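Right, one structure below, let's go through it.
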Amino acid sequence: MLQETIVEYWESLDIVQKGVAQGTIYGIAQGIEQGIQIGKEEGRVEGCLESLRPVMMLLVETRFPSMAIVAKQQAIRIKDPEELKLLVDSLIVAKTERDARYLLTAAIFRNNNEH
């Protein structure tokens, strides 16, 4: 009787250990998957920024050369691709250097207040 109880105890312990191991493996797999998804999203954001920054620089250097330094600084500061795209779109339709200066200054002001 005692021997059977001990054997049952060890068998149940083995099942618990297997369950813990399976749970650990599942948890690690879930963590890896989440890490991959986060990495993909960060890569997408960085890719968008890296493609928009040269467009913005070319646009400003071509249309408003005196604003090139400010535009470069601003392009580096902006971390949100949607915000950078909105700024590029706004600079495309800007009619004067004054308009461009206003847009870039407003973007600088927003970034300084967010940090």
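First residue of the sequence shown: 8, per this note's numbering; consecutive thereafter.
Beta carbons: idealized from backbone N, C-alpha and C, even for Gly.
A quick note: this is a predicted structure, and the numbers were derived from the prediction, not measured.
Going by C-alpha positions, A107 is about 12 Å away from M64.
Within 10 angstroms of the beta-carbon of Q81 lie 16 or more other beta-carbons, which makes it buried. One Cα belongs to L56, the other to I45, and the distance between them is close to 17 Å. The straight-line gap separating the alpha-carbon atoms of G42 and I35 is approximately 10 Å. In the three-state scheme derived from DSSP, where H, G and I count as helix and E and B as strand, I32 is classed as helix.
Around S73, the same chain offers E104 as residues with beta carbons nearer than 7 Å, after the five sequence neighbours per side are excluded. The closest CA to that of R51, considering only A114, A75, K86, is found on K86.
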